[in-house]
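Taking it in order: structure first as structure tokens, then the write-up.
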Amino acid sequence: MSVPSNAGSIRIHRDIAAWFTRIVVQPLSRLLRRIVRRVFHRNPAAVAFWVAESPVVFAAMATLSELRVFDVLKNGPQAAGDLARRVRADEDALARLLRAVSAVGLLNRRRDGCYALNPVARQFCSDSPNPVGAWSELILQILPLLSRLPAAVRAGEPLMKHATGGTCWDYLATVPRGTELHDRAMNAWTEAVVDAIAKRCPLAQARTVVDVGGGRGALLAALLRSAPHLHGTVCDREHTREEALQRFQRQGVQDRATHTVGNFFEAVPAGADVYTLKHVLHDWDDDHVLQILRVIRRAIPPQGRLLIIEGAADHDLLPGASVRAVWDLTQWIATWGKERTLAEFQALLAAAGFRLDGVRVTPTYDALVIEAVPV
Ligand SMILES: C[S@@+](CC[C@H](N)C(=O)[O-])C[C@H]1O[C@@H](n2cnc3c(N)ncnc32)[C@H](O)[C@@H]1O
Numbered sequence: 001m002s003v004p005s006n007a008g009s010i011r012i013h014r015d016i017a018a019w020f021t022r023i024v025v026q027p028l029s030r031l032l033r034r035i036v037r038r039v040f041h042r043n044p045a046a047v048a049f050w051v052a053e054s055p056v057v058f059a060a061m062a063t064l065s066e067l068r069v070f071d072v073l074k075n076g077p078q079a080a081g082d083l084a085r086r087v088r089a090d091e092d093a094l095a096r097l098l099r100a101v102s103a104v105g106l107l108n109r110r111r112d113g114c115y116a117l118n119p120v121a122r123q124f125c126s127d128s129p130n131p132v133g134a135w136s137e138l139i140l141q142i143l144p145l146l147s148r149l150p151a152a153v154r155a156g157e158p159l160m161k162h163a164t165g166g167t168c169w170d171y172l173a174t175v176p177r178g179t180e181l182h183d184r185a186m187n188a189w190t191e192a193v194v195d196a197i198a199k200r201c202p203l204a205q206a207r208t209v210v211d212v213g214g215g216r217g218a219l220l221a222a223l224l225r226s227a228p229h230l231h232g233t234v235c236d237r238e239h240t241r242e243e244a245l246q247r248f249q250r251q252g253v254q255d256r257a258t259h260t261v262g263n264f265f266e267a268v269p270a271g272a273d274v275y276t277l278k279h280v281l282h283d284w285d286d287d288h289v290l291q292i293l294r295v296i297r298r299a300i301p302p303q304g305r306l307l308i309i310e311g312a313a314d315h316d317l318l319p320g321a322s323v324r325a326v327w328d329l330t331q332w333i334a335t336w337g338k339e340r341t342l343a344e345f346q347a348l349l350a351a352a353g354f355r356l357d358g359v360r361v362t363p364t365y366d367a368l369v370i371e372a373v374p375v
């Protein structure tokens, strides 16, 4: 892993994941990208057509997910008519969606005309560990805002702010199942990587941890499972409380885990040894990031440690590396935030009274553990 020259003081923990990423995954991913580009560039008109049509295909998949068509197909192949009856949709309309997504390989259409799951469609089932179904249903709700993107780009203001005047959290609260879909998808993605992340968090000396903006408690539960001496609390908004408490119970950490309803722009529980912020700062512009960091700075004891867990714009991890620019744009469209470089993190931390003290690589595509200490 390389470090920007202006971040010379950063302590790097080289590990097997980083080695594997550099020696195996990155070269393979580069090769794959080269092949894909070569194939695409042979037929630029077709590629351009698919780009222009991709919202239609996306909307069809998100709609089939919302109608629970993929879940019904888990019981076996079905004809469009039977499917329409099961999911209470119009047969002709549903058949058009099914034909279209099958034509581009996202679902199988058999010779007898029945539809069947294939490996891609299976990802959209509601019990898939990859929560793309919930995520695409959520994006479907945000799509109307995209018509304002040209105006937002002219104004130089994140789309969510430009189009609604509010944050994504305000907007999601107005959208049918918006908050639930976001939390479900975010939580499932977090759940898939927390054990790997927990192994990279320096907790041996810590007795208490606060996971700021910790959502439904997946990271905190993993941290407590990995360190049986540790107690902790999630500090997040009210709507995450019930699910978090249920998770702590399910995972047997209820005696050491609590949930504190709070606003991280105002206050977080004081005096913990470790504060974590996983995929929170990239939702916010620099002013709001500074507010969050200053609130934590007031709460953290002199020997405390802050762990920022998210990707850095200048650190490609697994093959998701090629996705980072798209991810950055997603933040700009759906939130007020951005993907930041390590140098940008370092500057914000310094302005809030912290020193960047180390960066640990995790075997995930989107999470470094960026360590900071109060100065
Ligand atoms: C992108 S999610 C990340 C959740 C969790 N850390 C994870 O990685 O799964 C951002 C979280 O910030 C929380 N949040 C947003 N605004 C907040 C505020 N003002 N105070 C406390 N939490 C807030 C949201 O409820 C949400 O759980």
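Mapping the sequence shown onto UniProt numbering, position 249 (from 1) lands on 249, and the numbers just tick up by one. Where is the CB? At the ideal position from N, CA and C, for every residue including glycine.
Taking only heavy atoms of ligand 1 into account, decide whether any of them is closer than 8 Å to the Cβ of residue i.
i: K74; result: no
i: N130; result: no
i: G166; result: no
i: T190; result: yes
i: D236; result: yes
i: A198; result: no
i: H279; result: yes
i: F265; result: yes
i: L219; result: yes
i: M160; result: no
i: G178; result: no
i: N108; result: no
i: M186; result: yes
i: G232; result: no
i: T330; result: no
i: H315; result: no
In the structure shown, what three-state DSSP assignment does residue i receive?
i: I308; result: strand
i: T364; result: coil
i: P119; result: helix
i: D211; result: strand
i: H162; result: helix
i: R216; result: coil
i: N187; result: helix
i: D71; result: helix
i: H279; result: coil
i: C235; result: strand
i: H182; result: helix
i: T240; result: helix
i: V359; result: strand
i: I197; result: helix
i: F265; result: coil
i: R109; result: strand
i: Q303; result: coil
i: F248; result: helix
i: P374; result: strand
i: V369; result: strand
i: H315; result: strand
Could you round the C-beta distance between residue i and residue j to whole angstroms and report it? I think they count as a contact, below 8 Å.
i: L67; j: A80; result: With 8 Å as the limit, L67 and A80 do not qualify as a contact, their Cβ atoms being about 12 Å apart.
i: T240; j: D285; result: Not quite, the Cβ-Cβ distance comes to about 23 Å (not below 8 Å), so this is no contact.
i: V234; j: L220; result: 5 Å
i: L181; j: L138; result: 4 Å
i: V193; j: T330; result: Their Cβ separation, rounded to whole angstroms, is 18 Å, which puts V193 and T330 out of contact at 8 Å.
i: T190; j: K278; result: 7 Å
i: F70; j: L117; result: 7 Å
i: F124; j: S65; result: 5 Å
i: V274; j: A206; result: 5 Å
i: A62; j: S128; result: Actually they do not touch by this definition, with Cβ atoms about 14 Å apart.
Quick one, are the C-beta atoms of residue i and residue j less than 9 Å apart?
i: I197; j: V373; result: no
i: P158; j: W327; result: no
i: A272; j: G217; result: no
i: A134; j: A188; result: yes
i: I333; j: V212; result: no
i: L230; j: T260; result: no
i: I309; j: T276; result: yes
i: V57; j: V87; result: no
i: A60; j: L97; result: yes
i: L293; j: A204; result: no
i: L307; j: P150; result: no
i: residue 394; j: P269; result: Given that the chain is displayed from residue 1 to residue 375, the structure contains no residue 394 and the question cannot be resolved.
i: R305; j: D357; result: yes
i: Y171; j: M160; result: yes
i: H162; j: R148; result: yes
i: D255; j: S226; result: no
i: E371; j: V359; result: yes
i: A121; j: V101; result: yes
i: T263; j: R247; result: Looking at the sequence provided, one finds Asn at residue 263 rather than Thr. Contact: no.
i: A244; j: G215; result: yes
For ligand 3, is there any heavy atom lying closer than 8 Å to the beta carbon of residue i?
i: G214; result: Ligands displayed in this structure: ligand 1; ligand 3 is not among them.
Stretch-stretch touch, CB-based, cutoff 8 Å, three pairs: the stretch 280 to 291 with the stretch 337 to 349: Segments in contact, yes.
contact_flag[the stretch 110 to 117, the stretch 141 to 159] where n(CB pairs < 8 Å) is 3 or more: no
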